[in-house]
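In my numbering, the protein residues as written are 4 to 539.
We put the beta carbon where it would ideally sit given N, CA and C, even for glycine.
Small disclaimer: the values here were computed from a predicted structure and weren't measured.
Read the structure below first, then the notes.
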Amino acid sequence: MDANPCTPWMRTSTLALLCCLGACALPTATPRFEPRPVAAADPGSALPAGWQHGAFMQVFVRAYADSDGDGIGDLRGLIGRLDYLKDLGIQGLWLLPVTTSADHDHGYAVTDFRRIEPAYGTMADFDELLHQAHQRGIGVIVDYVINHAADQHPAFVQARSTRDSPWRDWFVWQDEAPEGWRIFDKNPWTATPTGHYFGTFSARMPDFNLRNPAVLAWHQDNLRHWLNRGVDGFRFDAVAHLVENGPQAWKDQPENHAILRELRALMGGYRHRHGVCEATAQPEQWAGEQACGSAFAFELSGQVLGAARGQPQAIAQVAAYFTKAPLTMATMLANHDLFAGRRVWDQLAGDAAAYRLAAATYLLLPGTPFIYYGEEIGMAGLASLPGDAQLRTPMSWTADAASAGFSAGQPFRALSPNRATHNVAAALQDPGSLLAFYKAMLSLRRHVAPIARGSYEAPQVQGTAFAFQRKLGEQHALVLINYGREATTLRVAGLGAHAAWSNEHPAGGAPSRADAEGTIHFALAPQSVRVLQRQP
């Protein structure tokens, strides 16, 4: 607390100054909540159809780039790094929550669903980000929290103050303490003088009552607010937790899918918009145009990292995944949540060769890949920080010991421990860097059309080697990965009698030619990746 509680505005008012000094009591104003309807007004799209098949960068704005030296990343800082992202080959951005929040950090405790977090800038800054990103062919989707608000949200403050509040039914309440509930090893119900409210994740984040049509209508107005400004879509948070049907049925309820179908239908009224859902269980059921559009393939992430370590069972699981899962899944190696795994560098114990294999696998498989900021340079997490904070350190732009090039001031959080060696400035000078490898893989996604949008065919595993084919119309690509530490030969059939296959990665050299049966025997170096394309 400030040693002098009399703030400057109080000193301008005699009454306020007396109250500050304890001579009176100022009334405490209850924040007002006034939901405002928003009509659809599609501004169109500057992006081409299918833009969402390109790779996304997941950005925590607070930790990405600080433009004004206050130690906190902001929208202007991100705008200043868009050329870096375009050069890398990024075609979409997923912004972690940029709306006002009670925590002013992770952002999921939202206090106003239509305002920008002040530390990040203004709505004008956000509009400029959209404009500048679109100028570079980059789409922008924002995190939308539909399940809950902050306990400081005006609607909840009023709902908690009295049982007669018009906003009471916007949240989930019980007069008596419910029994038998346990979610994430805690009781999700919180007692207050006016009753008990439900919060799946925390008492600080009360759940909305999404059975109330007015609540869902308000969320739809919020989405239109952002879509009308030109936002290219949404990442919907925690969709498995929207509706509960008792202490044994609090996850993955049928009503959740119905809610998302309504939101997806709303987005369908806007041109070229994209949706992706965080569904931690059975995410494959959430992908597709009649659901979210896409959903994160959480199970696949661990399998890819296991394959990169050369684990035969994991390689087989990776090969089989897209024989059953929708090709619209969103793929990743790790993200901002610790439950999804530590930073890739830490999970692979700094094994750069395995890191490249993991990156190649998910960037060349079907699905839309989401790269977590700093992953492309091998940023390490900071294990000494609590919980998810260890994954959300400032971006390492340079080797500067004090700020890693993130800010001209004191960064809001401690820096990545390997910033001296793994930073953007150093990587840009090294043609053999991890960053250069990511750039090469993303170039393949852009220039070899079947890699981004093609079918998934003929997956095969021989020992530690994995091959699969991608087809789009008459175009045909082949991906070969040897996860083993020994050279091997991989026999691949079905490649067309006497067909010639050019080397896309590594580029150059004489084409490989199939025999009369359409078979080629490929020699694969240890821990290597090859990508070929059939010549017309």
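Assuming the contact rule is C-beta atoms closer than 8 Å, residue i and residue j should be a hit. Round their C-beta distance to whole Å, please.
i      : j      : result
His277 : Ile149 : Actually they are not in contact, since the Cβ atoms of His277 and Ile149 sit about 17 Å apart, beyond 8 Å.
Ala417 : Thr396 : 6 Å
Gln223 : Leu263 : 12 Å between Cβ atoms; not a contact.
Val482 : Leu367 : 5 Å
Gly272 : Ala43  : 6 Å
Phe325 : Pro369 : 5 Å
Ala519 : Ala500 : 5 Å
His425 : Phe63  : Not confirmed; about 18 Å, so no contact.
Pro46  : Gly236 : Wrong, their Cβ atoms sit about 14 Å apart, outside the cutoff.
Asp73  : Gly412 : 6 Å
Ala541 : Lys254 : Since the first and last residues shown for the chain are 4 and 539, residue 541 lies out of range.
Ser387 : Val427 : Rounded, the Cβ-Cβ distance is 24 Å, inconsistent with contact.
Arg274 : Ala294 : Not confirmed; about 20 Å, so no contact.
Trp504 : Gln472 : Not really, about 11 Å apart at Cβ, beyond 8 Å.
Arg449 : Gly142 : That pair is no contact at about 14 Å.
Pro38  : Trp221 : 5 Å
Just mark residue i as buried or exposed, buried being the case when its beta carbon has 16 or more other beta carbons within 10 Å.
i      : result
Phe187 : exposed
Phe440 : buried
Asp77  : buried
Asp90  : exposed
Glu247 : buried
Ala52  : exposed
Phe342 : exposed
Gly57  : buried
His156 : buried
Ala26  : For Ala26, the predicted model reports a pLDDT of 36, less than 50, meaning its position is unreliable; a value from the coordinates is still stated below. Looking at its Cβ environment, which holds fewer than 16 other Cβ atoms inside 10 Å, Ala26 is exposed.
Glu379 : buried
Gln530 : buried
Asp167 : exposed
His508 : buried
Asp433 : exposed
Gln285 : exposed
Ala528 : exposed
Glu120 : buried
For residue i, does the three-state DSSP call read helix, strand or coil?
i      : result
Phe469 : strand
Gly142 : strand
Tyr459 : coil
Phe174 : strand
Pro539 : coil
Lys189 : strand
Leu96  : strand
Val279 : strand
His479 : strand
Trp289 : helix
Arg163 : helix
Ala194 : strand
Val464 : strand
Leu2   : With the chain represented from 4 up to 539, any question about residue 2 goes unanswered, as that position is not in the structure.
Tyr273 : coil
Trp221 : helix
Met208 : strand
Arg346 : coil
Ala428 : helix
Thr396 : coil
Trp504 : strand
Ala19  : With a pLDDT of 37 at Ala19, under the threshold of 50, the modelled position of that residue is not reliable, and the figure given next carries that caveat. Reduced to three states, the DSSP call for Ala19 is helix.
Met60  : strand
Ile75  : coil
Gly309 : helix
Using beta-carbon positions only, say whether residue i and residue j come within less than 8 Å of one another.
i      : j      : result
Phe469 : Ile454 : no
Thr334 : Leu308 : no
Gly381 : Gln393 : no
Gly497 : Gly521 : yes
Met208 : Ala152 : yes
Tyr376 : Ala337 : no
Thr364 : Ala310 : yes
Gly124 : Arg79  : yes
Ala136 : Leu85  : yes
Pro329 : Gly305 : no
Val534 : Leu447 : yes
Gly313 : Thr467 : yes
Ile318 : Val464 : yes
Asn231 : Leu245 : no
Ala490 : Ala526 : yes
Count Cβ pairs between the stretch 349–364 and the stretch 277–293 that sit closer than 8 Å; are there 3 or more?
Under the three-pair Cβ rule at 8 Å, the stretch 349–364 does not count as touching the stretch 277–293.
When you compare the stretch 194–208 with the stretch 171–186, are there three or more beta-carbon pairs, one atom per stretch, that lie closer than 8 Å?
Verdict: yes, contact present.
Validate contact between the stretch 113–132 and the stretch 93–105 using beta carbons, cut 8 Å, 3 pairs:
Verdict: yes, contact present.
Segment contact flag, the stretch 208–219 with the stretch 167–176, C-beta cutoff 8 Å, min 3 pairs
Contact annotation: the stretch 208–219 touches the stretch 167–176, with at least three C-beta pairs closer than 8 Å.
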